[in-house]
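J.: Mapping of the sequence shown onto the UniProt record's numbering: residues 2 to 228, in sequence order.
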Amino acid sequence: TTKSLIIPAAGSGSRMQREVPKPYLKLAGDSILEHTVRRFLSVDGLAQVVIATSQEYLDQANDMLEKVLPDTVAARCVAGGNERQDSIRNALAVLSDVDLVMIHDAVRPFVEAKHIAECCRVASEAGAAVLGVPAKDTIKRVDGRRYVEETPTRKFLWQAQTPQVFRTKVILEAFEKAEEDSFSGTDDASLVEYLGRKVRMVEGSRSNFKITYPLDLKLARLLIEKE
Ligand code: CTP
Ligand code: MG
């Protein structure tokens with residue numbers, strides 16, 4: 002199976018409160034984005050990598066891909082959009098003719114090859130698969146004034162991570178439908194769910210956390226030194 006990898010890297014990182022956007026912060030000398038891309042180099046059938054990034058970082062992202070990717074993998078960098086979903090849409094617009102599309106946050110540099118492979122295997126079978134872990138904390142749903150409305154049973158709650166992997170036709174249809182209906186979600190699978198298609202959860206690892214807050218960056222720097 003041929004595969005494209007889409008990496009959204011166009012966020013401003015408001016929760017990190019740094020001048021430089023998260024994907025371009027350094028981890029052991031290289032950008033977080035570069036660490037993340039390297040995790041996918043062993044994926045079998047990898048044909049294309051598309052990075053969505055802000056205008057100012059297009060050159061830097063292009064240079065990095067040229068350095069890191071072998072000649073057999075096509076590289077594209079596109080401008081991102083206001084929301085993550087807009088960034089993915091811009092990336093999907095330059096998609097090659099592949100069987101599977103893997104979408105992975107630029108700021109999850111610790112994803113493991115075996116979990117990427119498993120997610121791809123399940124997506125080939127089911128059409129859509131997301132990596133995740135069982136929720137650790139009890140999750141409460143609150144109203145606008147923070148009164149607790151509901152405590153869903155924890156054993157049915159999972160934290161969705163990336164990669165989220167889709168058969169090409171499925172993700173293209175999902176984005177088309179979402180655009181038509183002005184539906185927005187905070188991950189890609191939610192658009193597929195909105196389309197009415199099944200999405201399978203694949204158990205990954207807690208080390209595949211998203212670098213979001215300053216504490217996550219501290220943890221990332223500790224972990225990378227141990228590798
Ligand atoms: N992203 C993107 N385009 C956007 C927003 C986010 O490509 N308009 C990317 C981010 O760069 C990141 C991934 O989506 O790699 C996950 O998003 P998140 O962790 O929320 O990053 P930011 O949106 O940058 O951070 P924050 O929400 O704290 O502002
Ligand atoms: Mg965000």
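Even for Gly, the Cβ is constructed at its ideal location relative to N, Cα and C.
DSSP beta-bridge partners for E151?
T.: According to DSSP, which records beta bridges pairwise, E151 is partnered with R142.
J.: Is the Cβ-Cβ distance between I52 and V108 less than 8 Å?
T.: Going by C-beta atoms, I52 is not nearer than 8 Å to V108.
J.: Check each candidate in M202, T37, A11 and L28 and name the one with the smallest Cα separation from F111.
T.: Closest option to F111, Cα to Cα, is T37.
J.: Under 7 Å: does the beta carbon of R85 sit that close to some heavy atom of the ligand MG?
T.: Checking every heavy atom of the ligand MG against the Cβ of R85, one is found closer than 7 Å.
J.: Cα separation between L96 and A75?
T.: Computed Cα separation, rounded: 10 Å.
J.: Determine the contact status of G133 and M202, defining contact as a CB-CB distance below 8 Å.
T.: It is a contact, given that the beta carbons lie within the stated cut-off.
J.: Verify the contact flag: V112, CB atom, against every heavy atom of the ligand CTP, threshold strictly below 7 Å.
T.: No, since every heavy atom of the ligand CTP falls outside the 7 Å radius drawn around the Cβ of V112.
J.: Can you tell me the Cβ-Cβ gap for S5 and V99, rounded? I've got them flagged as a contact below 8 Å.
T.: Right, their Cβ atoms sit about 5 Å apart.
J.: To the nearest angstrom, report how far apart S13 and T187 are at their CA atoms.
T.: Roughly 15 Å between the two C-alpha positions.
J.: Compute the Euclidean distance between the alpha carbons of L216 and R39, then round it to the nearest angstrom.
T.: Answer to the nearest angstrom: the Cα atoms are 23 Å apart.
J.: Starting from the N-terminal side, write out each stretch of the beta strand (DSSP E) that is 3 residues or longer and does not extend beyond the segment 63-126.
T.: Entirely contained in the segment 63-126, the beta strand (DSSP E) runs reaching 3 residues are, in chain order, 75-80 and 101-104.
J.: In the structure shown, what three-state DSSP assignment does R39 receive?
T.: If DSSP states are grouped into helix, strand and coil, R39 belongs with the helices.
J.: Give a yes or no on whether the C-beta atoms belonging to G82 and A127 are separated by under 8 Å.
T.: Cβ atoms of G82 and A127: not closer than 8 Å.
J.: Check whether the Cβ atoms of L218 and L26 sit closer than 8 Å, and answer yes or no.
T.: Yes. Within cutoff.
J.: Any idea what DSSP makes of S191, helix, strand or coil?
T.: Residue state, collapsed to three classes: helix.
J.: What are the boundary residues of the beta strand (DSSP E) that includes K227?
T.: It is not in any beta strand (DSSP E) - K227 instead sits in the alpha helix (DSSP H) that spans P215 to K227.
J.: Taking 7 Å as the cut-off, is the C-beta of G12 nearer than that to any heavy atom in the ligand MG?
T.: For the ligand MG, at least one heavy atom lies less than 7 Å from the Cβ of G12.
J.: Distance check for F184 and H105, CA to CA, integer angstroms please.
T.: Using only the alpha carbons, I get a separation of about 21 Å.
J.: Under a Cβ-count criterion, where at least 16 other Cβ atoms within 10 Å of its own Cβ denotes burial, should R168 be classed as buried or exposed?
T.: The residue in question, R168, is buried, as its Cβ has 16 or more Cβ neighbours within 10 Å.
J.: Report whether the distance from the Cβ of V108 to the nearest heavy atom of the ligand CTP is below 7 Å.
T.: Indeed, a heavy atom of the ligand CTP lies less than 7 Å from the Cβ.
J.: Considering F167, what are the terminal residues of the beta strand (DSSP E) in which it resides?
T.: Run containing F167: W159 to R168, per the beta strand (DSSP E) assignment.
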